[in-house]
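K.L.:
One structure, pasted below without further comment.
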Amino acid sequence: MTLSLSDYRDVAGMSAIRELRLLGDKIAGAKVVHVNSTREGGGVAEILRWMIPLMRDLGLDTTWEVIEGTERFYEITKTIHNGLQGQQVYLSAKDWAMYCEVNRENADRLRSKIEDADIVLIHDPQPAPLLQFMEKRKGKWIWRAHIDVSHPYRPIWKGLRQYIQGYDASIFSMMEYAQPLPHPEFLVAPSIDPLSDKNRILTQQELSSVFAEYNLDPDLPLLVQISRFDRFKDPVGVIQAYRLVRKVTPVQLVLAGGGANDDPEGKAVLAEVMEEAGGDPDIHVLLLPSDAHVRINALQRLATIVIQKSIKEGFGLTVTEAMWKGKPVIGGDVGGIRLQVFNHHTGFLVSTPEGAAHRIRYLLHHRDRIDQMGDAGREFVRDNFLLTRHLREYLTLMLVVTKGATQRLLTV
Ligand code: UDP
294 MTLSLSDYRD
304 VAGMSAIREL
314 RLLGDKIAGA
324 KVVHVNSTRE
334 GGGVAEILRW
344 MIPLMRDLGL
354 DTTWEVIEGT
364 ERFYEITKTI
374 HNGLQGQQVY
384 LSAKDWAMYC
394 EVNRENADRL
404 RSKIEDADIV
414 LIHDPQPAPL
424 LQFMEKRKGK
434 WIWRAHIDVS
444 HPYRPIWKGL
454 RQYIQGYDAS
464 IFSMMEYAQP
474 LPHPEFLVAP
484 SIDPLSDKNR
494 ILTQQELSSV
504 FAEYNLDPDL
514 PLLVQISRFD
524 RFKDPVGVIQ
534 AYRLVRKVTP
544 VQLVLAGGGA
554 NDDPEGKAVL
564 AEVMEEAGGD
574 PDIHVLLLPS
584 DAHVRINALQ
594 RLATIVIQKS
604 IKEGFGLTVT
614 EAMWKGKPVI
624 GGDVGGIRLQ
634 VFNHHTGFLV
644 STPEGAAHRI
654 RYLLHHRDRI
664 DQMGDAGREF
674 VRDNFLLTRH
684 LREYLTLMLV
694 VTKGATQRLL
704 TV
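With positions in the sequence shown counted from 1, the corresponding number in this note's numbering is that position plus 293.
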């Protein structure tokens with residue numbers, strides 16, 4: 294079901310909707326194209342799924358294109374991703390050439406759809422080189438980084454930077470990620486769609502059926518981490534924390550996630566997780582299909598405490614999703630999790646399995662704190678991380694970037 298902006302009136306407030314309509318009127322008719330590397334899996338696809346219809350509802354001619362690549366291409370882009378998040382990784386000149394070549398092929402395929410756009414938003418490193426193949430581009434090109442680039446491994450950032458510097462602007466999720474670039478840089482935090490299957494209120498029957506499907510124990514508190522099987526999400530550390538809690542308090546754990554089409558490392562990480570779980574019947578490792586939105590929603594709602602023990606994190610939409618459902622979050626003290634989890638207020642920031650276990654035990658023994666933190670988290674998300682705020686910042690940014698360049702858009 295495609296929602297329109299007015300459907301969000303109750304959850305986000307009438308004034309937020311009115312403000313968006315006013316902004317939308319100023320840029321209506323602009324052709325906007327988003328480009329990323331997967332339609333399913335991970336936070337970027339999650340955001341684009343709601344953003345495209347709502348931008349259309351605001352009068353922008355918006356489309357979403359996805360680049361295509363070989364297995365080797367995605368291994369290379371995953372290496373770039375890991376390097377940008379600080380890992381010391383190596384790419385040969387041949388690898389960089391292949392990264393570029395796959396983008397050239399995609400540029401040929403997508404040219405007629407994006408060369409005449411007023412604004413092109415390129416998400417993350419995978420499609421970044423597209424720009425250099427658009428000699429006749431008409432509009433403004435913006436690079437949107439969703440990952441933690443606060444301490445990139447320098448050779449990888451240097452390699453990528455040559456493709457980024459030609460952009461008209463870039464967007465980062467938080468101040469710490471901004472890198473010196475020869476164009477304006479903007480800060481825009483991501484957000485969630487409160488009415489999507491991932492976040493809407495579920496019926497008791499929907500909740501019960503997920504509970505039964507995964508054979509969860511009604512007598513045990515439930516710890517949940519939802520994430521792609523990625524080492525930066527530290528699923529093995531979550532199991533270690535669970536074991537430390539388990540020594541003193543009975544508890545069960547769900548580690549649920551699927552793969553993203555552009556993430557080739559998932560299988561290996563899942564195998565590591567299974568080994569660490571070692572057949573413990575109270576550890577439920579769930580490999581979910583990409584459309585398991587209601588199931589993820591239910592698991593987050595069924596959780597007593599949600600964990601997101603990442604050791605690197607661009608933003609952490611799973612944290613926002615959990616907080617929106619009134620759950621305290623034990624989150625890694627990194628990246629965008631720090632924008633959302635405030636110690637003792639909406640959850641706890643931790644750096645080790647021992648730290649996570651300590652906080653989990655505290656909450657399990659102070660159940661009133663679980664509810665208080667959950668309520669605080671939900672209101673924090675309402676004020677800061679709903680899609681209305683996100684759209685407002687994108688529209689404002691688009692107006693700023695196009696100002697002076699596209700007369701048609703300048704009737705503001
Ligand atoms: N997600 C999902 N299926 C999975 C794992 C994650 O739909 O198996 C969703 C999750 O609910 C969230 C997004 O993918 O909306 C993950 O975004 P986040 O920012 O937490 O991490 P990323 O995967 O982008 O690093």
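Even for Gly, the Cβ is constructed at its ideal location relative to N, Cα and C. On a predicted model such as this, the values are computed, not experimentally measured, just so you know.
1) Residue ranges of each beta strand (DSSP E) run of no fewer than 3 residues wholly in the region 457-513, ordered along the chain?
2) Pick out whichever of G530, Q381, P473, R660 has its Cα sitting closest to the Cα of L714.
3) For my contact list, I604 and E569 are in at a C-beta cut-off of 8 Å; report their separation, rounded to the angstrom.
4) How about L684 and L296: do their beta carbons lie closer than 8 Å?
5) Mapping the DSSP letters down to three states, classify I576 as helix, strand or coil.
6) State the beta-bridge partners of H327 as determined by DSSP.
7) Alpha carbon to alpha carbon, what distance is there between A549 and D556?
8) Would you tell me roughly how many angstroms separate the C-alpha atoms of I600 and E686, rounded to the nearest one?
9) Give me the Cα-Cα distance between V413 and D523, rounded to the nearest whole angstrom.
10) Please classify R262: is it buried, with 16 or more other beta-carbons within 10 angstroms of its beta-carbon, or exposed?
11) Only counting runs of 4 or more residues, tell me where the alpha helix (DSSP H) segments fall wholly within the region 345-414, in order along the chain.
12) Here's a check: name, in chain order, each residue in its chain whose Cβ is nearer than 7 Å to the Cβ of A458, leaving out the five neighbours to either side.
13) On the criterion of 16 or more Cβ atoms from any shown chain inside 10 Å, does A321 qualify as buried, or is it exposed?
14) V547 bridges to which residues according to DSSP?
15) Can you tell me whether K526 is buried or exposed, with buried defined as 16 or more other CB within 10 angstroms of its CB?
16) Can you tell me whether Q593 is buried or exposed? The criterion is at least 16 other CB atoms within 10 Å of its CB, across all chains shown.
17) When you compare only the Cα positions, how much space is there between M616 and D388?
18) Compute the Euclidean distance between the alpha carbons of A390 and N396, then round it to the nearest angstrom.
19) For the ligand UDP, is there a heavy atom less than 7 Å away from the beta-carbon of T611?
20) Within the chosen definition, does the region 416-425 reach the region 369-383 through at least 3 CB pairs nearer than 8 Å?
21) Buried or exposed for V693, please, with buried defined as at least 16 other CB atoms from any protein chain shown within 10 angstroms of its CB.
22) Any idea what DSSP makes of V634, helix, strand or coil?
23) Could you please give me the residues that DSSP links to F426 through a beta bridge?
24) Taking 7 Å as the cut-off, is the beta-carbon of G336 closer than that to any non-hydrogen atom of the ligand UDP?
25) Contact check, I519 vs T597 under 8 Å by CB: the rounded distance?
26) Name the two residues that bound the continuous alpha helix (DSSP H) containing K560.
27) What residues in its chain sit with their C-beta under 8 Å from that of P582, if we drop five residues either side in the sequence?
28) At a cut-off of 7 Å, would you count A585 as near the ligand UDP, judging by its Cβ distance to the nearest heavy atom?
29) Would you tell me roughly how many angstroms separate the C-alpha atoms of G624 and S330, rounded to the nearest one?
30) State buried or exposed for A505, treating a residue as buried only when at least 16 other CB atoms are found within 10 Å of its CB.
31) Find out if the Cβ-Cβ distance for the pair A591, L495 is shorter than 8 Å.
32) Out of L513, H439, E499, which one is the CA nearest neighbour of P483?
33) Which whole-angstrom value is the C-beta distance of G306 and G352, which I expect to be below 8 Å?
34) DSSP state of G625, grouped into three classes?
35) Comparing C-alpha positions only, which one of D303, V337, T370 sits nearest to E558?
36) W450 and Q425: beta carbons closer than 8 Å?
P.N.:
Per the coordinate set shown:
1) 462-465, 478-480
2) This structure leaves residue 714 out entirely; the chain is present only between 294 and 705.
3) With a Cβ gap of about 16 Å, I604 and E569 do not count as contacting.
4) no
5) Residue state, collapsed to three classes: strand.
6) W357, L414
7) 16 Å
8) 29 Å
9) 29 Å
10) The question about residue 262 has no answer here: the residues shown for the chain are numbered 294 through 705.
11) 364-377, 386-407
12) In the sequence under discussion, the amino acid at residue 458 is Gln, which differs from the Ala named in the question. Answer for Q458: L474, P475, listed in chain order.
13) exposed
14) Partner(s): V517, H577.
15) With 16 or more Cβ atoms within 10 Å of its Cβ, K526 is classed as buried.
16) buried
17) 40 Å
18) If I take the Cα positions, the gap works out to 10 Å.
19) Yes - the ligand UDP has a heavy atom lying nearer than 7 Å to the Cβ of T611.
20) A contact is defined here as three or more CB-CB pairs under 8 Å, and the region 416-425 meets this definition with respect to the region 369-383.
21) exposed
22) coil
23) According to DSSP, F426 shares a beta bridge with no other residue.
24) yes
25) Actually they are not in contact, since the Cβ atoms of I519 and T597 sit about 14 Å apart, beyond 8 Å.
26) 559-570
27) By the criterion of a C-beta distance shorter than 8 Å, P582 is surrounded in its chain by G551, once the five residues flanking it on both sides are discounted.
28) yes
29) 27 Å
30) Exposed is the call here.
31) A contact, by the Cβ cut-off of 8 Å.
32) H439
33) With 8 Å as the limit, G306 and G352 do not qualify as a contact, their Cβ atoms being about 21 Å apart.
34) G625: strand per DSSP, three-state reduction.
35) Nearest of D303, V337, T370 to E558, Cα basis: T370.
36) Cβ atoms of W450 and Q425: not closer than 8 Å.
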